[in-house]
Amino acid sequence: MTLLGEFSLWLALLLSAWATVLGFSGRWQGRPDLTASVRGAVYATFGALAVATLALWKGLASHDFNIEYVAAYTSRNLPDGYIISALWAGQKGSLLFWAVVLALFGALAQVLTPRRYSALMPYVGAVTSVVIGFFVCTMLFASNPFERLPFTPADGRGLNPQLQNPGMMIHPPMLYLGYISITIPFAFAIAALLSR
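Per the numbering used here, the sequence shown starts with residue 127, numbered consecutively.
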């Protein structure tokens, strides 16, 4: 699963770079095929990050303690609810969660925005892709959630006892949803400025 997760992160980086360059270049103006390419790259970025997230969740659920993140935040006796919430228990998993939710919001913005604002959408895709690209670069070069250990421990360290609280399953995702959602109005504001 780590190879799939790593590959998905690299693919998400390339797709977000493509959407960023094409969206900000303005070459899509008058070219519906390039406009569709930006939109497609935004959708594909979400797909790649969703695969990476599922790969990490699979590692957490199957107790693949060779993955450093899994060994650091889960153990064999950890209840299932806390195994799910272990995704956002540490920095590496939180970055992945943040990136996939932002990619989802970016894709939803492309789908749900009325057609009268279609001239803004490549810029919106470019702005959201820049932010997603930042998080993916951080994961790939500084805080990789799929980093492997040189050995496989028999059990993991488990979740910090202070985080073993039902609120841990609800509070961080809700907090992140609020923070992440601010990127979408910001993207529309930048798009409006660039399209003048």
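We put the CB at the ideal spot given by N, CA and C, even for glycine.
**Report entry** Extent of the continuous alpha helix (DSSP H) to which residue 183 belongs
**Finding:** Taken as a continuous stretch (DSSP letters only), the alpha helix (DSSP H) holding residue 183 covers 158 to 187.
Report task. Would you tell me roughly how many angstroms separate the C-alpha atoms of residue 159 and residue 198, rounded to the nearest one? Result -> Cα-Cα distance, rounded: 46 Å.
Query - alpha helix (DSSP H) segments (min. 4 residues) lying fully within the region 243 to 306 - result: Runs of the alpha helix (DSSP H) lying entirely within the region 243 to 306 and spanning at least 4 residues, in chain order: 247 to 267.
Query - Burial state of residue 207 (16 or more Cβ within 10 Å) - result: It counts as exposed.
**Report entry** Span separating the alpha-carbon of residue 133 from that of residue 203
**Finding:** Spanning the two alpha carbons is a distance of roughly 30 Å.
Report task. Output the distance between the C-alpha atoms of residue 179 and residue 230, rounded to the nearest integer angstrom. Result -> Rounded to whole angstroms, the gap between the alpha carbons of residue 179 and residue 230 is 12 Å.
Report task. Report buried or exposed for residue 293, applying the criterion of at least 16 other Cβ atoms within 10 angstroms of its Cβ. Result -> By the Cβ-count criterion, residue 293 is exposed, with fewer than 16 other Cβ atoms from all chains shown falling within 10 Å of its own Cβ.
Query raised in the report: Based on the DSSP output, what are the partners of residue 193 in its beta bridges?
Result: Residue 193 is bridged to 274.
**Report entry** As assigned by DSSP and simplified to three states, the class of residue 393
**Finding:** The chain is shown only over 127 to 322; residue 393 falls outside these bounds and no answer can be derived.
Query - 6 Å Cβ shell around residue 218 - same chain, five flanking residues per side excluded - result: The beta carbon of residue 218 lies closer than 6 Å to those of 195, 269, 271 in the same chain, with the five residues before and after it left out.
Query - Option nearest residue 306 by Cα separation, candidates 236, 265, 224, 144 - result: Checking every option, the nearest Cα to that of residue 306 belongs to 224.
Requested in this report: Determine, using beta carbons only, whether residue 252 and residue 169 come nearer to each other than 8 Å.
Outcome: At the C-beta level, residue 252 and residue 169 stay beyond 8 Å of one another.
Query raised in the report: Taking just the CA atoms, how far does residue 277 sit from residue 238?
Result: Approximately 47 Å between the Cα atoms of the pair.
**Report entry** Proximity below 8 Å, CB of residue 299 to CB of residue 183
**Finding:** For residue 299 and residue 183, no; Cβs fall outside 8 Å.
Requested in this report: Check each candidate in 187, 149, 145, 141 and name the one with the smallest Cα separation from residue 282.
Outcome: For the residues 187, 149, 145, 141, the minimum Cα distance to residue 282 belongs to 187.
Requested in this report: Assuming residue 200 contacts residue 212 (C-beta within less than 8 Å), just tell me the rounded distance between them.
Outcome: So it is a contact: roughly 5 Å between Cβ atoms.
Query raised in the report: So residue 313 packs on residue 254, CB below 8 Å; how close in whole Å?
Result: Residue 313 to residue 254, Cβ: 5 Å. Contact.
Query raised in the report: Do the CB positions of residue 248 and residue 154 come within less than 8 Å of each other?
Result: Contact: yes.
Query - Whole-Å CB distance - residue 262 paired with residue 162, under 8 Å assumed - result: Contact doesn't hold; Cβ gap of about 23 Å is too wide.
Query raised in the report: Assuming residue 175 and residue 256 make a contact with CB atoms under 8 Å, what is their CB distance in whole Å?
Result: The C-beta distance from residue 175 to residue 256 rounds to 15 Å, too long to meet the 8 Å contact threshold.
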